[in-house]
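Chemist: Going left to right, the sequence shown walks through residues 3 to 695 as the UniProt record's numbering numbers them. Built from N, CA and C at the ideal position, the CB exists for glycine as well. Quick one: this structure, given as structure tokens, is what I'll be asking you about.
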Amino acid sequence: VPPPARSLTRTTCPYCGVGCGVLAAPDGTVAGDPDHPANRGRLCSKGMALGETIALPGRLLHPEVRGKRASWGAALDAVAEGFRRALAERGPGGVALYVSGQLLTEDYYAANKFAKGFLGTANIDSNSRLCMSSAVAAHQRAFGEDVVPGVYEDLESADLLVLVGSNLAWCHPVLFQRVAAAKATRPSMRVVVVDPRRTATCEGADLHLPLRPGSDVALFGALLAHLHAEGQADSAWVSEHTRGLEAALDAARAVAPRAAELTGLDPADLATFFRWFAATQRTVTLWSQGVNQSETGTDKANAILNCHLLTGRIGKPGAGPFSVTGQPNAMGGREVGALATMLAGHLDWERPGEAELVRGHWRAPNIAVAPGLKAVDLFRAVSAGRIGALWVMATNPAVSMPDGSSVRDALRRAPFLAVSDCVAETDTAEFAHVRLPAVGWAEKDGTVTNSERVISRQRAFLPPAGEARPDWWIVSQVAARLGWGDAFAWSGPADIFREHAALTGLGNDGRRAFDISGLAAMTNAEYAAMPPTRWPCPAKGPARERFFSAGGFTAGRARFVPTPRRGESAADGGDGTLTLLTGRYRDQWHTMTRTGGVPRLMAHAPEPLLAVHPEDARGIPDGALARVSSTQGAAVLRLRHDAGQRRGTAFAPMHWTARNAPAARVNNAVPPKADPVSGQPALKSARVALSAY
Ligand code: SF4
Numbered sequence: 003v004p005p006p007a008r009s010l011t012r013t014t015c016p017y018c019g020v021g022c023g024v025l026a027a028p029d030g031t032v033a034g035d036p037d038h039p040a041n042r043g044r045l046c047s048k049g050m051a052l053g054e055t056i057a058l059p060g061r062l063l064h065p066e067v068r069g070k071r072a073s074w075g076a077a078l079d080a081v082a083e084g085f086r087r088a089l090a091e092r093g094p095g096g097v098a099l100y101v102s103g104q105l106l107t108e109d110y111y112a113a114n115k116f117a118k119g120f121l122g123t124a125n126i127d128s129n130s131r132l133c134m135s136s137a138v139a140a141h142q143r144a145f146g147e148d149v150v151p152g153v154y155e156d157l158e159s160a161d162l163l164v165l166v167g168s169n170l171a172w173c174h175p176v177l178f179q180r181v182a183a184a185k186a187t188r189p190s191m192r193v194v195v196v197d198p199r200r201t202a203t204c205e206g207a208d209l210h211l212p213l214r215p216g217s218d219v220a221l222f223g224a225l226l227a228h229l230h231a232e233g234q235a236d237s238a239w240v241s242e243h244t245r246g247l248e249a250a251l252d253a254a255r256a257v258a259p260r261a262a263e264l265t266g267l268d269p270a271d272l273a274t275f276f277r278w279f280a281a282t283q284r285t286v287t288l289w290s291q292g293v294n295q296s297e298t299g300t301d302k303a304n305a306i307l308n309c310h311l312l313t314g315r316i317g318k319p320g321a322g323p324f325s326v327t328g329q330p331n332a333m334g335g336r337e338v339g340a341l342a343t344m345l346a347g348h349l350d351w352e353r354p355g356e357a358e359l360v361r362g363h364w365r366a367p368n369i370a371v372a373p374g375l376k377a378v379d380l381f382r383a384v385s386a387g388r389i390g391a392l393w394v395m396a397t398n399p400a401v402s403m404p405d406g407s408s409v410r411d412a413l414r415r416a417p418f419l420a421v422s423d424c425v426a427e428t429d430t431a432e433f434a435h436v437r438l439p440a441v442g443w444a445e446k447d448g449t450v451t452n453s454e455r456v457i458s459r460q461r462a463f464l465p466p467a468g469e470a471r472p473d474w475w476i477v478s479q480v481a482a483r484l485g486w487g488d489a490f491a492w493s494g495p496a497d498i499f500r501e502h503a504a505l506t507g508l509g510n511d512g513r514r515a516f517d518i519s520g521l522a523a524m525t526n527a528e529y530a531a532m533p534p535t536r537w538p539c540p541a542k543g544p545a546r547e548r549f550f551s552a553g554g555f556t557a558g559r560a561r562f563v564p565t566p567r568r569g570e571s572a573a574d575g576g577d578g579t580l581t582l583l584t585g586r587y588r589d590q591w592h593t594m595t596r597t598g599g600v601p602r603l604m605a606h607a608p609e610p611l612l613a614v615h616p617e618d619a620r621g622i623p624d625g626a627l628a629r630v631s632s633t634q635g636a637a638v639l640r641l642r643h644d645a646g647q648r649r650g651t652a653f654a655p656m657h658w659t660a661r662n663a664p665a666a667r668v669n670n671a672v673p674p675k676a677d678p679v680s681g682q683p684a685l686k687s688a689r690v691a692l693s694a695y
């Protein structure tokens, strides 16, 4: 029996970047919000099970200092003292925060302000570094700003939808449902999946291109050369709004003749894909972690953007490049600059005067003057003893980072480690000197931004569990203890949102796309009732649905980025090793602290399996335990023969942890290599040997 409507709270799902609206009742009953533009009433299996995660045992209910229950005052004093000591001994470069796309925008804003304006360090990175930082860097290189030009409707109205490195059916299920429904209504719509694996997303697709891992640059470089040769350039648009085409074409032409060889694709399939792309004005290319989590992730994304710039297919209904974020608020983190490489409000150190705008807005005594350490380098610095105090918020790097064993060692050796989380026992919290209980999904109040730039409210419908507090409040209390209380004296998330929104309008003559200054004067009541709102929403000037169809790039002109082949494409197992691709299962989220406690979600995939093509199984039977090992480390999983796996590759889920399957932590076998531009770890290219266990 559905609960009475008056008891329902409109909130947002805390899992993936689709950002579905949820109607939640106090007893944990949930339903999709029919009025939310992202999902129009739909929810996926994870969203439907949200109510079953609310009362999970294992919540962190009280602050702890060195393993003992403590008062909030004592715990906050301990964190302030840890940072005060590290600042005194090592300076601003000797402290760091590692935060999360699970945080609300207001929490993110508070943490970023604390680090970059008051601690004086840009050593604040987010687990979003592992998710979409290559897309961010590619947007910045091409457009001058991190902007997703399109909206979800474009996926439905496209005549050709190209899904690259995305298992949309499992990782963004509601978006996949929308695409499937659109294709059922309009069967002429074509879907092409570019992925080394034959995933659930391939069901119903018109073409699957099982390319060699890492060869996306060659694929889209060859496509660029083909489009140009076939006269598909929108020459007037290119000449008016872009620069750098010739250099990009030179690089593309260098790989084009070898496209089939480099990608390992059937030349006939390649020709079909190129023909369809050339002939279809309404084309959307959507990409996700298969592109981003690579040593060439930024180049891959720019190779995709180049094709859309050449054809002028950008920011138009049914046409454009589209990066989807993995996490619920990866986009919000980008907006407030909670990555080591960004300032708040899409402002940038490289543009003169913009750091000063942030400093002035915050009245910050110690504004960071340069980018800080990205995730891989940050944990290396902890390991090398260069970080005296580290604060980890709402994330579990001991499991999610590559080279997991070294990250665990780094956390163990950190002179001071604070962890704020809603969960008591995680692989990371195990090493914390201070644990701070944060509110969980049903208790949170603030905003998140999804992959199509829609800002939605997450609203609390339950009181905080135990002594849990909002992350922004925790940050503000530590800041106050360090003498900066005035700048963090917010009465609630609405205050923070207004401050954040006002910053986006400073010095913005319409050139910066991210502008929500029109929301800066919201009253508390308006904030409380705020409907899903797509940015931009400037105080002056028009709101826009899409970006860049008529130019207007932040950099003036968009830039074609040359993407020469840098040699990541993997061998096909001829050298006896396999390329280990890591990723998600449909019903699990990150390190399973919530979804792992729901029996019906666990039933979908009760244990982690290592999928390999039967001919790559080295004689190990299906169902037997197998070991994958690299120069970095090893993991043991049950083997699954899967003819949909490309020869020379293996796939394993990244969810399992030391707490539920210590041997199956695949990131132990993944080296800490990263894209040199974005710093995003290459989580899908470890060379591993396979053996019976
Ligand atoms: Fe939540 Fe994503 Fe599923 Fe929507 S698609 S219900 S946001 S996990």
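When you compare only the Cα positions, how much space is there between A515 and W172?
Modeler: As a first step, residue 515 is located in the sequence shown; it is residue number 513 there, counting from the start. As a first step, residue 172 is located in the sequence shown; it is residue number 170 there, counting from the start. Looking at the two C-alpha atoms, the distance is approximately 31 Å.
Chemist: Based on Cα-Cα distance, which residue from D252, A160, E432 and H502 lies nearest to D109?
Modeler: The sequence position of residue 109 within the sequence shown is 107, counting from 1. Among D252, A160, E432 and H502, the Cα nearest to that of D109 is on H502.
Chemist: If we ignore side chains and look at the alpha-carbon of each, how far apart do V401 and R667 end up?
Modeler: Mapped onto the sequence shown, residue 401 falls at position 399. Mapped onto the sequence shown, residue 667 falls at position 665. Rounded to the nearest angstrom, the two C-alpha atoms are 7 Å apart.
Chemist: Run the CB neighbour count on G84, radius 10 Å, all protein chains shown included, and call it buried at 16 or more, exposed below.
Modeler: Position 82 of the sequence shown, counted from the start, is the residue given in the question as residue 84. G84 is buried by the Cβ-count criterion.
Chemist: Over the uninterrupted alpha helix (DSSP H) stretch that includes P59, give me the two end residues.
Modeler: In the sequence shown, counting from the first residue as 1, residue 59 sits at position 57. Careful: P59 lies outside any alpha helix (DSSP H) and carries neither H nor E.
Chemist: If you run the structure through DSSP and keep just helix, strand and coil, what is R437?
Modeler: For this step, residue 437 is matched to residue 435 along the sequence shown. In the structure shown, R437 sits in a strand (DSSP, three-state: E or B).
Chemist: Look at R640 and L685 and say whether their C-beta atoms are less than 8 Å apart.
Modeler: What you label residue 640 is simply residue 638 of the sequence shown in a count that begins at 1. What you label residue 685 is simply residue 683 of the sequence shown in a count that begins at 1. Cβ atoms of R640 and L685: not closer than 8 Å.
Chemist: Quick one, which of V436, A227 and R180 has its alpha-carbon nearest V394's?
Modeler: Here the question's residue 394 lines up with position 392 in the sequence shown. Of the candidates V436, A227 and R180, the one whose C-alpha sits nearest the C-alpha of V394 is V436.
Chemist: Among residues of its own chain, excluding the 5 on either side of A324, which ones have a beta-carbon nearer than 6 Å to its beta-carbon?
Modeler: Counting from one through the sequence shown, the residue named residue 324 turns up at place 322. The sequence shown places Phe at residue 324, rather than the Ala named in the question. So the list reads G152, V286 and L288, once near-sequence residues are dropped.
Chemist: Beta-carbon within less than 8 Å of D35's beta-carbon, same chain only, minus the 5 sequence neighbours each way: which residues are those?
Modeler: Position 33 of the sequence shown holds residue 35. The answer, listed in chain order, is R12, C22, G23, V24, L25, N41 and G43.
Chemist: Compare the Cα-Cα distances from R602 to each of D29, A33, G53 and C18 and report the closest residue.
Modeler: On the sequence shown, position 600 is the one that residue 602 refers to. Measuring from the Cα of R602, the nearest candidate turns out to be G53.
Chemist: Thinking C-beta only, is P417 closer than 8 Å to G390?
Modeler: Numbered from its first residue, the sequence shown carries residue 390 at position 388. Numbered from its first residue, the sequence shown carries residue 417 at position 415. Taking 8 Å as the Cβ cut-off, G390 and P417 qualify as a contacting pair.
Chemist: Residues in its own chain within less than 6 Å of R414 by CB, not counting five upstream and five downstream?
Modeler: Translated into positions along the sequence shown, residue 414 becomes position 412. Excluding positions up to five away in sequence, the list reads F433.
Chemist: Is the CB-CB distance between D252 and P564 below 8 Å?
Modeler: For this step, residue 252 is matched to residue 250 along the sequence shown. For this step, residue 564 is matched to residue 562 along the sequence shown. Result yes, Cβ atoms of D252 and P564 sit closer than 8 Å.
Chemist: On a CA-only basis, which of E248, G223 and F275 is nearest residue 2? Give me that one, please.
Modeler: An answer regarding residue 2 cannot be provided, because it is not within the stretch 3 to 695 covered by the chain.
Chemist: Taking the C-alpha atoms as reference points, what is the distance between L272 and R536?
Modeler: The count along the sequence shown starts at 1 and reaches residue 272 at position 270. The count along the sequence shown starts at 1 and reaches residue 536 at position 534. Roughly 37 Å separates the two Cα atoms.
Chemist: Helix, strand or coil for K118 per DSSP?
Modeler: Here residue 118 refers to the residue found at position 116 of the sequence shown. Helix.
Chemist: If distances are taken between C-alpha atoms only, which option among A691, P683, V690 and A688 comes closest to T300?
Modeler: Taking the first residue of the sequence shown as 1, we reach residue 300 at position 298. The shortest C-alpha separation from T300 is found at P683.
Chemist: Please return the same chain residues whose Cβ sits closer than 8 Å to the Cβ of V3, not counting the five positions on each side in sequence.
Modeler: Within the sequence shown, residue 3 is the residue found at index 1, counting from 1. Because V3 carries a pLDDT of 43, less than 50, the predicted location of this residue cannot be relied on, and the following value inherits that uncertainty. None.
Chemist: Is it buried or exposed for L293, if we count other Cβ within 10 angstroms and need 16 for buried?
Modeler: Taking the first residue of the sequence shown as position 1, residue 293 is located at position 291. It is worth fixing the name first, because residue 293 is Val in this sequence and not Leu. Under this definition V293 is a buried residue.
Chemist: Which residue marks the beginning of the beta strand (DSSP E) containing S632, and which one marks its end?
Modeler: For the purposes of this step, residue 632 is taken as residue 630 along the sequence shown, with counting starting at 1. Neither: S632 is in no beta strand (DSSP E) and is coded neither H nor E.
Chemist: Measuring only from the beta carbon, is L45 closer than 7 Å to any heavy atom that is part of the ligand SF4?
Modeler: On the sequence shown, position 43 is the one that residue 45 refers to. It does: the Cβ of L45 is within 7 Å (strictly closer) of some heavy atom of the ligand SF4.
Chemist: For Y457, list the residues DSSP reports as bridge partners.
Modeler: Along the sequence shown, one-based indexing puts residue 457 at 455. The question names Tyr, but residue 457 in the sequence shown is Ile. BP columns for I457 point to T451 and T535.
Chemist: Measuring only from the beta carbon, is G233 closer than 7 Å to any heavy atom that is part of the ligand SF4?
Modeler: Translated into positions along the sequence shown, residue 233 becomes position 231. Outside the cutoff, so no.
Chemist: Quick one: what does DSSP say F490 is sitting in, helix, strand or coil?
Modeler: Here residue 490 refers to the residue found at position 488 of the sequence shown. F490 falls in the helix class under three-state DSSP.
Chemist: Drop a sphere of 10 angstroms on the beta-carbon of S241, count the other beta-carbons inside from all chains shown, and report buried for 16 or more, exposed for fewer.
Modeler: To locate residue 241, count along the sequence shown from 1; it is residue 239. Per the 10 Å Cβ criterion, exposed.
Chemist: Under 6 Å Cβ to Cβ from H615, same chain only, skipping five residues before and after it: list those, please.
Modeler: As a position in the sequence shown, residue 615 is number 613, starting the count at 1. Excluding sequence neighbours, H615 sits near Q647 and R649.
Chemist: Within the stretch 79 to 127, note down every full alpha helix (DSSP H) run reaching 4 residues or more, in order along the chain.
Modeler: Entirely contained in the stretch 79 to 127, the alpha helix (DSSP H) runs reaching 4 residues are, in chain order, 107 to 115.
Chemist: Would you be able to state if there are at least three C-beta pairs under 8 Å between the stretch 477 to 485 and the stretch 555 to 564?
Modeler: Short answer: they don't touch.
Chemist: How far does the beta strand (DSSP E) with R12 in it reach, from first residue to last?
Modeler: For this step, residue 12 is matched to residue 10 along the sequence shown. Start and end: T11 to T14.
Chemist: May I ask whether a heavy atom of the ligand SF4 can be found less than 7 Å away from the beta carbon of G49?
Modeler: As a working note, residue 49 is residue 47 in the sequence shown. Correct: G49 has its Cβ closer than 7 Å to the ligand SF4.
Chemist: Sort out for me which residues DSSP pairs V20 with in a bridge.
Modeler: To locate residue 20, count along the sequence shown from 1; it is residue 18. Paired residues: none, contrary to the question.
Chemist: From the DSSP secondary-structure annotation, give me the bridge partner or partners of S519.
Modeler: The residue labelled residue 519 in the question sits at position 517 within the sequence shown. According to DSSP, S519 bridges with nothing at all.
Chemist: Quick one: what's got a C-beta closer than 6 Å to Y695's C-beta in the same chain, skipping five residues either side?
Modeler: To locate residue 695, count along the sequence shown from 1; it is residue 693. The residues are L627, A628, R629 and V638.
Chemist: If you measure from the CB of H643, is any heavy atom of the ligand SF4 nearer than 7 Å?
Modeler: To locate residue 643, count along the sequence shown from 1; it is residue 641. Result no, Cβ not under 7 Å from the ligand SF4.
Chemist: Would DSSP call residue 2 helix, strand or coil?
Modeler: Limits of the chain in this structure are 3 at one end and 695 at the other, which puts residue 2 out of reach.
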